[in-house]
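Peer 1: The sequence shown maps to residues 12 to 432 in this note's numbering. Think of the CB as a built atom: it goes at the ideal place given N, C-alpha and C, for glycine as much as any other residue. Treat the numbers as computed from the prediction; the structure is a model and nothing was measured.
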Amino acid sequence: MIPEQTTVAPTEQRGHGLFTTGSPVTSWTVRTALPVDYRVRFAPRLLAPDNPALATAGLPAGPGRQRRKRLLLVVEARVHELYGERIHAYCEAQRLDWSCCILLAHERVKTMESVFQVVEQLDRFGLARRGEPVIAIGGGVLTDIVGLACSLYRRSTPFVRVPTTLIGLVDAGVGAKTGVNYGRQKNRLGSYHPAVETLLDPSFLATLDTRHLSNGLAEILKIALIKDRRLFETLDLHGERLLAERFRTPGGTAGEGGTGAEVLARAVHGMLQELQPNLWEKELERAMDYGHSFSPTLEMRALPELLHGEAVCVDMALTTVLARRRGLLDAAQCARILSLMRRLGLPIHHRLLEPGLLSDALADTVRHRDGRQRLPLPVGIGSGCFVDDLTAHELALASADLKEIADPTTTTATATAREAA
Ligand SMILES: NC(=O)c1ccc[n+]([C@@H]2O[C@H](COP(=O)([O-])OP(=O)(O)OC[C@H]3O[C@@H](n4cnc5c(N)ncnc54)[C@H](O)[C@@H]3O)[C@@H](O)[C@H]2O)c1
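(1) DSSP state of Asp375, grouped into three classes?
(2) Determine the burial state of Thr423: buried for a count of at least 16 other Cβ atoms within 10 Å of its Cβ, exposed for fewer.
(3) Kindly examine ligand 1 and report whether one of its heavy atoms sits closer than 7 angstroms to the Cβ of Phe397.
(4) CA-CA distance, Leu224 and Arg257?
(5) Nearest to Arg199 by CA position, among Cys111, Thr122 and Leu93, is which residue?
(6) Are the beta-carbon atoms of Thr209 and Pro174 separated by less than 8 angstroms?
(7) What separation, rounded to the nearest whole angstrom, lies between the Cα atoms of Glu296 and Cys396?
(8) Compute the minimum distance between the beta carbon of Asn198 and the heavy atoms of ligand 1, and state whether it is under 7 angstroms.
(9) Find the nearest neighbour of Ser350 within the set Met327, Leu364, Ala372 and Leu368, judged by alpha-carbon distance.
(10) Between the Cα of Ala88 and those of Glu96, Leu114, Leu82 and Arg81, spot the shortest distance and give me the residue it belongs to.
(11) Does ligand 1 have even one heavy atom less than 7 angstroms from the beta-carbon of Asp182?
(12) Between the beta-carbon of Gly150 and the beta-carbon of Ala104, is there less than 8 angstroms?
(13) Can you have a look at Pro46 and say buried or exposed, based on whether 16 or more other CB atoms are within 10 angstroms of its CB?
(14) Would you mind working out which of Ala72, Thr40 and Ala160 sits nearest Arg50, comparing C-alpha positions?
(15) Using only the heavy atoms of ligand 1, determine whether one of them is closer than 7 angstroms to the beta carbon of His223.
(16) Just list the residues that DSSP pairs Val145 with in beta bridges.
(17) Do Leu82 and Ile146 have their beta-carbon atoms positioned less than 8 angstroms apart in this structure?
(18) Based on the DSSP output, what are the partners of Glu208 in its beta bridges?
(19) Should Arg336 and Leu236 be called a contact, given that it needs their Cβ atoms to be closer than 8 angstroms?
(20) Compute the Euclidean distance between the alpha carbons of Gly391 and Val323, then round it to the nearest angstrom.
(21) Gly412: which of Asp300, Ala139, Ala342 and Ala276 sits nearest, CA to CA?
(22) Nearest-angstrom Cα distance between Thr18 and Ser38?
(23) Say the cut is 7 angstroms; is the CB of Glu118 nearer than that to a heavy atom of ligand 1?
(24) For Ser306, which residues in the same chain have their Cβ closer than 6 angstroms to its Cβ, ignoring the five residues on either side in sequence?
(25) So is the beta-carbon of His91 under 7 angstroms away from any non-hydrogen atom of ligand 1?
(26) How many Å lie between Ile156 and Ala68 at the Cα?
(27) Looking only at its chain, what residues have a beta carbon closer than 7 angstroms to the beta carbon of Ala100, apart from the 5 residues adjacent to it on each side?
(28) Can you look up Asn62 in the DSSP assignment and give me helix, strand or coil?
(29) Report yes or no: do the region 214 to 233 and the region 375 to 392 share at least 3 C-beta pairs separated by less than 8 angstroms?
(30) Considering Cα atoms alone, identify which of Pro288, Ser304 and Leu177 is closest to Gly271.
(31) How would you label Val41, buried or exposed, when you count the other beta carbons within 10 angstroms and need 16 or more for buried?
(32) Taking the alpha-carbon positions, what's the Gly281 to Leu357 distance?
(33) On a Cα-Cα basis, can you pick out the residue from Gln384, Glu365 and Ser162 that is closest to Ala298?
(34) May I ask you to list the residues that DSSP assigns as paired with Ile113?
(35) Comparing the CB of Asp134 with every heavy atom of ligand 1, is any distance shorter than 7 angstroms?
(36) What runs of the alpha helix (DSSP H), each 4 residues or longer, lie entirely inside the region 358 to 413?
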């Protein structure tokens, strides 16, 4: 603590004997550092009864690492339908005193009400303050809700994430953020509260439907486009197969060896490389915001039509065309990117992508980025830059271009009708 009145006490007494001599100190600056470390790791066969990974997750590491005795799980409803029996059998096999709270979690119930439901369960369980990290098993919505509940509960309660969707595995499960929607605003209420440990078991992808796999591929594509050309090339070559095979290698389980494992590991690594130096987002020029400039507004206005990754992909398609118009990409690169998006089962346009929505979205993003656009755009494939000079006119032109590319027949029909009139 640094007293701001430097004339108060003799130098040797500063910070110690504040009341010894002279007039009292009336102004202070408190500075402290909070070291943060959390663990993200692949943990295959997580629900195998003899695997201690889940039973010890989030507890202090080292030779004396103890198994926990009590365990509170919060499991997303659909995940519970699919994996509940195995989860319960695991807890029994590990001889845990466990309790399981089942939570319905999707974008429209990603609200404080759901956070309060979790808080109610934490209270009912009588959770110890530090030593009993809560385990959240589910997609990005569930882990965001539980993360926020834990960050609020007693001002900070540890939790463990077990993501079960592709977005969860490569994005929602690995960063520091939690959050819920408020009104029409996406993730408007939230906190920075990383899980003490995240266990990544890609075998959960075996039951995920194709649309949600495509949804997760959008976030992987984001990393590829803005910082990892090799990842893009891999997706371009193998993306459709990974989608069809649910990231499984022939004869293996999802994410074990082969291209699927490489793609997942590169995506998680790329994401963490970007997040780690800027965990609290003091720096607002963030490469990982690529695809997240217009998509929050689009996603919320299109609810429940567009999934998160789909809205992100529409945003990336728009900014790809913007980059092309600025000469940051050539025509072949632009076509290649849009073609890959389609082959991954992702939309590149949406009917709500009109000038009104785009200018609202940009205004909100400028507020979110503290008064400047700080808009990430791709430069070629695999790198990017930030711009601050995007105009509404330029956006409208890019969106019209994209509309035509996405559905040339509609645009041509509209143009023909206009000409006929
Ligand atoms: N905190 C972050 O840093 C961060 C990052 C990216 C995204 N997010 C958030 O993540 C959310 C999107 O996450 P999501 O795509 O996982 O959506 P989600 O949590 O809604 O899950 C998608 C669907 O998959 C089902 N499901 C989950 N696991 C399954 C499985 N193994 N098998 C079959 N079905 C399964 C769920 O029931 C749900 O219907 C958004 O709200 C977004 O804001 C957060």
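Peer 2: Let's see:
(1) Counting from one through the sequence shown, the residue named residue 375 turns up at place 364. Helix.
(2) Stepping through the sequence shown from its first residue, residue 423 is reached at position 412. Its pLDDT being 43, under 50, Thr423 is placed unreliably by the model, and the measurement read from it follows with that caveat. A residue is called buried once 16 or more other Cβ atoms fall within 10 Å of its Cβ, and Thr423, having fewer, is exposed.
(3) The count along the sequence shown starts at 1 and reaches residue 397 at position 386. No, since every heavy atom of ligand 1 falls outside the 7 angstroms radius drawn around the Cβ of Phe397.
(4) Position 213 of the sequence shown, counted from the start, is the residue given in the question as residue 224. Position 246 of the sequence shown, counted from the start, is the residue given in the question as residue 257. Looking at the two C-alpha atoms, the distance is approximately 7 angstroms.
(5) Within the sequence shown, residue 199 is the residue found at index 188, counting from 1. If we check each option's Cα against that of Arg199, Thr122 comes out closest.
(6) Your numbering for residue 209 matches position 198 in the sequence shown. Your numbering for residue 174 matches position 163 in the sequence shown. Yes. Within cutoff.
(7) Position 285 of the sequence shown, counting from 1, holds the residue named residue 296. Position 385 of the sequence shown, counting from 1, holds the residue named residue 396. Going by the C-alpha atoms only, they are around 9 angstroms apart.
(8) As a position in the sequence shown, residue 198 is number 187, starting the count at 1. The answer is yes for Asn198.
(9) Stepping through the sequence shown from its first residue, residue 350 is reached at position 339. Here the closest residue by C-alpha is Met327.
(10) What you label residue 88 is simply residue 77 of the sequence shown in a count that begins at 1. The option with the nearest alpha carbon to Ala88 is Leu114.
(11) Taking the sequence shown and counting its residues from 1, one reaches residue 182 at position 171. Yes, ligand 1 has a heavy atom inside 7 angstroms of this Cβ.
(12) Indexing the sequence shown from 1 puts residue 150 at position 139. Indexing the sequence shown from 1 puts residue 104 at position 93. Contact flag unset, no.
(13) Locating residue 46 in the sequence shown gives position 35, where the first residue counts as 1. Counting Cβ neighbours within 10 Å, Pro46 comes out exposed, since fewer than 16 surround it.
(14) In the sequence shown, the residue the question calls residue 50 occupies position 39. Distances from the CA of Arg50 to each of Ala72, Thr40 and Ala160 were compared; the closest alpha carbon is that of Ala72.
(15) Translated into positions along the sequence shown, residue 223 becomes position 212. Result yes, Cβ under 7 angstroms from ligand 1.
(16) For the purposes of this step, residue 145 is taken as the residue at position 134 of the sequence shown. BP columns for Val145 point to Phe170.
(17) Counting from 1 along the sequence shown, the entry for residue 146 is found at position 135. Counting from 1 along the sequence shown, the entry for residue 82 is found at position 71. Yes.
(18) Locating residue 208 in the sequence shown gives position 197, counting from the first residue. DSSP, once it has assigned bridges, lists Arg50 and Val171 as partnering Glu208.
(19) Here residue 336 refers to the residue found at position 325 when the sequence shown is read from its first residue. Here residue 236 refers to the residue found at position 225 when the sequence shown is read from its first residue. No, the Cβ-Cβ distance between Arg336 and Leu236 is not below 8 angstroms.
(20) The residue you call residue 391 lines up with position 380 of the sequence shown. The residue you call residue 323 lines up with position 312 of the sequence shown. Taking the Cα positions, Gly391 is about 19 angstroms away from Val323.
(21) Position 401 of the sequence shown holds residue 412. Per the sequence presented here, residue 412 reads as Asp, with Gly not at that position. Checking every option, the nearest Cα to that of Asp412 belongs to Ala342.
(22) For the purposes of this step, residue 18 is taken as residue 7 along the sequence shown, with counting starting at 1. For the purposes of this step, residue 38 is taken as residue 27 along the sequence shown, with counting starting at 1. With a pLDDT of 45 at Thr18, under the threshold of 50, the predicted position of this residue should be treated as unreliable, though the coordinate-derived value follows. Answer to the nearest angstrom: the Cα atoms are 12 angstroms apart.
(23) Residue numbering aside, residue 118 sits at position 107 when the sequence shown is read from its first letter. Glu118: yes, Cβ under 7 angstroms from ligand 1.
(24) Taking the sequence shown and counting its residues from 1, one reaches residue 306 at position 295. Correct list, in chain order: Ala322, Val323 and Asp326.
(25) Against the sequence shown, residue 91 aligns to sequence position 80. It does not: the Cβ of His91 is nowhere closer than 7 angstroms to a heavy atom of ligand 1.
(26) Counting from 1 along the sequence shown, the entry for residue 156 is found at position 145. Counting from 1 along the sequence shown, the entry for residue 68 is found at position 57. Those two C-alpha atoms are separated by around 19 angstroms.
(27) As a working mapping, residue 100 is identified with position 89 in the sequence shown. Excluding sequence neighbours, Ala100 sits near Pro60.
(28) In the sequence shown, the residue the question calls residue 62 occupies position 51. Reduced to three states, the DSSP call for Asn62 is coil.
(29) no
(30) To locate residue 271, count along the sequence shown from 1; it is residue 260. Comparing Cα-Cα distances from Gly271 to each of Pro288, Ser304 and Leu177, the minimum goes to Leu177.
(31) To locate residue 41, count along the sequence shown from 1; it is residue 30. So Val41 ends up on the exposed side.
(32) One-based indexing of the sequence shown puts residue 281 at position 270. One-based indexing of the sequence shown puts residue 357 at position 346. Roughly 21 angstroms separates the two Cα atoms.
(33) Taking the sequence shown and counting its residues from 1, the one referred to as residue 298 is at position 287. In this structure, Gln384 is the residue among Gln384, Glu365 and Ser162 with its C-alpha nearest to the C-alpha of Ala298.
(34) In the sequence shown, the residue the question calls residue 113 occupies position 102. Looking at the DSSP assignment, Ile113 forms a beta bridge with Val86.
(35) Working through the sequence shown from its first residue, we reach residue 134 at position 123. No; taking the cut-off as 7 angstroms, the Cβ of Asp134 has no heavy atom of ligand 1 nearer than that.
(36) 366 to 379
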